[in-house]
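Using UniProt numbering, you'd call the opening residue of the sequence shown number 1 and step up by one each time.
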Amino acid sequence: MSLSNKLTLDKVDVNGKRVIMRVDFNVPMKDKHITNNQRIKAAVPSIQYCLDRGAKSVVLMSHLGRPDGNAMPEKYSLEPVAAELKTLLGKDVTFLKDCVGPEVEAACSSPAAGSVILLENLRFHVAEEGKGKDPAGNKTKATQEQTDSFRASLSKLGDVYVNDAFGTAHRAHSSMVGVDLPQKAAGFLMKKELDYFAMALEKPQRPFLAILGGFMKKKVNHMSFREVILDKNLGGPSKLAILAHFVPFELSQVFFCRFCFNHLFLSYNK
1 MSLSNKLTLD
11 KVDVNGKRVI
21 MRVDFNVPMK
31 DKHITNNQRI
41 KAAVPSIQYC
51 LDRGAKSVVL
61 MSHLGRPDGN
71 AMPEKYSLEP
81 VAAELKTLLG
91 KDVTFLKDCV
101 GPEVEAACSS
111 PAAGSVILLE
121 NLRFHVAEEG
131 KGKDPAGNKT
141 KATQEQTDSF
151 RASLSKLGDV
161 YVNDAFGTAH
171 RAHSSMVGVD
181 LPQKAAGFLM
191 KKELDYFAMA
201 LEKPQRPFLA
211 ILGGFMKKKV
221 NHMSFREVIL
231 DKNLGGPSKL
241 AILAHFVPFE
251 LSQVFFCRFC
261 FNHLFLSYNK
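Okay, here's the thing in structure tokens:
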């Protein structure tokens, strides 16, 4: 699978079209106030690009927290994000109190030109993740009918699908894999991350050092590049600290990626 030849937003004609964009607005909040807006700011270039090129609308969908398929607006509503996005874009943002259904479809069917619409938390519906928990804490699972209906409704909200949520790109959730539109492209944030991975996996500059960090050790075994690009393995927090002390590198040679857990790829020259 090549990471460097994916269709990206800058190669898609969005003029006069409704763009439905999967973003990552899973931001920290306290008392319904956003404490860090970095993820919202990171999505602005893709949104603004669509608006500048005449998109009829940009419909934004995201998750927030872990409501486990239950509508919990008092704790996990994306409404505060709409206000923050309005400030960052300098234009009105329409917030809808659901993400699927007849009312949402009607609101997105023929919006005013240049509209920005933010949907409510995708994870208020069990069909987004495919599983969840009921209010009593018992595990639940979406039926095929629920999943099909959810995905069909999302697919009615746009003409072009853009994925700019790299942090959830590894998950087979409905908003990631179930939007059925003829054109699908990577947003600029997604493109940036894919470019970094292509640098590491397709044409790595050698000598090459990969430092992996995270809490789920079992996932390292599933990293396909491990056997391909690594000749030697040095592990453990103390060993990494020693390695960082002895390996010379320039700050400009460091770049960051995320995929399931945090990674730091560090390319250096002796």
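Backbone N, C-alpha and C fix where the C-beta goes; we use that ideal spot for every residue, glycine too.
Query                                                                                                                                                           : Result
Buried or exposed for K17, please, with buried defined as at least 16 other CB atoms from any protein chain shown within 10 angstroms of its CB.                : buried
Suppose you measure from the CA of K6 to the CA of A136; what does that come to, to the nearest Å?                                                              : 43 Å
For M199 and Q146, what's the separation of their Cα atoms in angstroms?                                                                                        : 40 Å
Measure how close the beta-carbons of H173 and E103 come, nearest whole angstrom, since I'm counting them as under 8 Å.                                         : Not quite, the Cβ-Cβ distance comes to about 22 Å (not below 8 Å), so this is no contact.
Expressed to the nearest angstrom, what Euclidean distance is found between the alpha-carbon atoms of G56 and C108?                                             : A small fix is needed here, since residue 56 is Lys in this sequence, not Gly. C-alpha separation (whole angstroms): 10 Å.
So, using beta-carbon positions, are G158 and V81 closer together than 7 Å?                                                                                     : no
Which ranges does the alpha helix (DSSP H) cover as unbroken runs of at least 4 residues, wholly within the stretch 59-114, from first to last along the chain? : 73-76, 79-89, 102-109
Tell me, please, whether the stretch 38-46 touches the stretch 11-28 by the rule of three or more beta-carbon pairs shorter than 8 Å.                           : yes
Consult DSSP for L119 and reduce its assignment to one of helix, strand or coil.                                                                                : coil
When the Cα atoms are used, what is the spatial distance from L78 to N70?                                                                                       : 14 Å
Just how far apart, CA to CA, sit L85 and P111?                                                                                                                 : 18 Å
Just the Cα atoms here: how many angstroms apart are A169 and D148?                                                                                             : 20 Å
If you run the structure through DSSP and keep just helix, strand and coil, what is R151?                                                                       : helix
Once DSSP output is grouped into helix, strand and coil, what is the label at T168?                                                                             : helix
Hey, how far is the Cα of K32 from the Cα of E202?                                                                                                              : 43 Å
Check whether the Cβ atoms of L51 and G90 lie closer than 7 Å to each other.                                                                                    : no
Considering only C-alpha positions, which residue in the set P182, A185, V44, V100 is nearest to A152?                                                          : V100
My guess is that V160 and Q183 are in contact by the Cβ rule of under 8 Å, so how many angstroms apart are they, rounded?                                       : 5 Å
Return the CA-CA distance between V126 and S4, expressed in angstroms with no decimal places.                                                                   : 33 Å
Which stretch, first to last residue, makes up the alpha helix (DSSP H) that contains R18?                                                                      : Looking at the DSSP string, R18 is not in any alpha helix (DSSP H); the run it does join, the beta strand (DSSP E), is 18-22.
Is DSSP giving F208 helix, strand or coil here?                                                                                                                 : strand
Based on the DSSP output, what are the partners of H33 in its beta bridges?                                                                                     : K30
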